[in-house]
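Taken in order, the sequence shown gives residues 33 to 333; the numbers are from the working numbering. Don't be surprised by glycine CBs; every beta carbon is placed ideally from N, CA and C. So the structure is just underneath, and the comments pick up after that.
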Amino acid sequence: MVNVQNLTKIYGTQRAVNSISFEAKKGEILGFLGPNGAGKTTTMKILTGFIPQSEGKAEVCGYDVETESMEVRKRIGYLPEHNPLYKDMYVREYLDFVAGVHGIKKKKQRVAEMVEMTGLTREQNKHIGALSKGYRQRVGLAQAMMHDPEVLILDEPTSGLDPNQLAEIRSLIKNIGTERTVIFSTHIMQEVQALCNRVLIINKGNLVADDSIETLQQKVSGERIVTVEFAEKAPLSLLNAIKGVKKAAELKDKKYRLYAKGETDIRPAVFRAAVSNNLTLLGMQQEVNSVEDVFRSLTKG
């Protein structure tokens, strides 16, 4: 649905986006992460036709964003970081206006669908300027979805929302993402874990990661750490002899930490060793880096 090849944007001597490439498919929710000024918003603006690229190519649903911009815009829904709404208009009035801009034939029906989908039923007759930040974001999502786009691009869609609003908007994005391609940027790491199939991390214009969260967590650590607990004391020599274990360390209360290479899952071997040596295994947990750890590791400096 979205195909980016060697995309570059240059402002004077600065490369805001430096030859990045990635794909996003239908039914995929793609998290786009990076520090402030990393190039996320610039990339999104290129994909939505707001600004041209300096080099490279980007396609949305098979249409080139530079030479077939109008076809791309028909198939894309966009919610910018700073949600541009007409605050003097009523919610339903504004959505009716948006439906008219898109040339939707059954405007009344479509507006009603969007009001219900985004949870705006109780607020639909209010001025947009009187709405809370959370409800304004819902209005922004409703306008982005009005023409039933195949690709949805959301720039910081949950910025400034309270915990209840966050949960509601997350649920909405997740439901939307089952049928469409969703690309969204955020600084909220819990959001990435809750929503994303895949993560892109951009730093200083360069794409530094493109993978699932689980794989990135593993790659950053370079090793797997498994904490085990037995009912009785286990000899370190026995634990060190388990296939795949690089080192075993005793903690306390008959707990041990086992270190293995990143690609090796030692848990089955630990279980077999416990059974073979009549050790009662009370618990076993694999430790992983948090998403924050992954982010900092890939964007530090």
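Which residues bound the alpha helix (DSSP H) around Val130?
Here residue 130 refers to the residue found at position 98 when the sequence shown is read from its first residue. Val123 to Val133 is the span of the alpha helix (DSSP H), which, as asked, contains Val130.
So for Leu152, helix, strand or coil by DSSP?
Your numbering for residue 152 matches position 120 in the sequence shown. DSSP places Leu152 in coil when its eight states are reduced to three.
Looking only at DSSP bridge pairs, what is Met316 linked to?
Position 284 of the sequence shown, counted from the first residue, corresponds to residue 316. The partner list for Met316 (beta bridge, DSSP) reads Val260.
With Thr97 as the anchor, note down where its alpha helix (DSSP H) starts and where it stops.
Walking along the sequence shown from the start, residue 97 turns up at place 65. Just to set this straight, residue 97 is Val in the shown sequence, not Thr. Careful: Val97 lies outside any alpha helix (DSSP H) and carries neither H nor E.
Label Ser217 either buried or exposed according to how many other C-beta atoms from any shown protein chain fall within 10 Å of its C-beta, with 16 as the threshold for buried.
Counting from one through the sequence shown, the residue named residue 217 turns up at place 185. The residue is buried, with at least 16 neighbouring Cβ atoms inside 10 Å.
Can you tell me whether Arg105 is buried or exposed? The criterion is at least 16 other CB atoms within 10 Å of its CB, across all chains shown.
Your numbering for residue 105 matches position 73 in the sequence shown. Buried, by the Cβ-count rule.
Looking at the secondary structure, which residues open and close the alpha helix (DSSP H) in which Glu200 lies?
Sequence index remark: in the sequence shown, residue 200 carries index 168 (1-based). Start and end: Pro195 to Ile208.
Rounded straight-line distance, which links the Cα of Asn309 to that of Ile208:
As a position in the sequence shown, residue 208 is number 176, starting the count at 1. As a position in the sequence shown, residue 309 is number 277, starting the count at 1. In a straight line, the C-alpha of Ile208 is about 51 Å away from that of Asn309.
Measuring straight from C-alpha to C-alpha, what distance separates Lys137 and Met121?
The residue given as residue 137 occupies position 105 in the sequence shown. The residue given as residue 121 occupies position 89 in the sequence shown. Straight-line Cα distance between these residues: approximately 22 Å.
In whole angstroms, give me the CA-to-CA distance for Lys57 and Val34.
Residue numbering aside, residue 57 sits at position 25 when the sequence shown is read from its first letter. Residue numbering aside, residue 34 sits at position 2 when the sequence shown is read from its first letter. About 7 Å.
Going by DSSP, name the residue or residues bridged to Ala241.
Locating residue 241 in the sequence shown gives position 209, where the first residue counts as 1. Paired residues: Ile233.
For Thr82, name the three-state secondary structure that DSSP assigns.
Locating residue 82 in the sequence shown gives position 50, counting from the first residue. With the sequence shown as reference, residue 82 is identified as Phe, and Thr is not the correct amino acid for it. Coil at Phe82, not helix or strand.
Helix or strand or just coil, what does DSSP make of Tyr110?
The residue labelled residue 110 in the question sits at position 78 within the sequence shown. Correct three-state label for Tyr110: strand.
Mind checking whether Glu261 and Leu314 have CB atoms under 7 Å apart?
In the sequence shown, residue 261 corresponds to position 229, counting from 1. In the sequence shown, residue 314 corresponds to position 282, counting from 1. Closer than 7 Å, so yes.
What are the partner residues of Asn35, as DSSP defines its beta bridges?
The sequence position of residue 35 within the sequence shown is 3, counting from 1. Glu55 and Glu91.
Simplified DSSP assignment, three categories, for Tyr167
Walking along the sequence shown from the start, residue 167 turns up at place 135. In the structure shown, Tyr167 sits in a helix (DSSP, three-state: H, G or I).
With 16 other CB atoms within 10 Å as the buried threshold, where does Thr45 fall?
Here residue 45 corresponds to residue number 13 of the sequence shown, with the count starting at 1. The residue is exposed, with fewer than 16 neighbouring Cβ atoms inside 10 Å.
Delimiting residues of the alpha helix (DSSP H) encompassing Arg289:
The sequence position of residue 289 within the sequence shown is 257, counting from 1. No alpha helix (DSSP H) contains Arg289, which is instead part of the beta strand (DSSP E) from Lys287 to Lys293.
If I'm right that Val123 touches Glu148 with Cβ under 8 Å, what's the distance once you round it to whole angstroms?
Counting from one through the sequence shown, the residue named residue 123 turns up at place 91. Counting from one through the sequence shown, the residue named residue 148 turns up at place 116. The Cβ separation is near 13 Å, so there is no contact.
For Glu255: DSSP bridge partner residues:
Within the sequence shown, residue 255 is the residue found at index 223, counting from 1. DSSP, once it has assigned bridges, lists Lys293 as partnering Glu255.
Contact the stretch 218-229 vs the stretch 196-205: 3+ CB pairs below 8 Å
yes
Measuring CA to CA, which of Thr312, Gly151 and His179 is closest to Gln169?
Counting from 1 along the sequence shown, the entry for residue 169 is found at position 137. Ranking the options by Cα distance to Gln169, first place goes to Gly151.
Taking Cβ positions, are Leu127 and Val240 nearer each other than 7 Å?
Walking along the sequence shown from the start, residue 127 turns up at place 95. Walking along the sequence shown from the start, residue 240 turns up at place 208. No.
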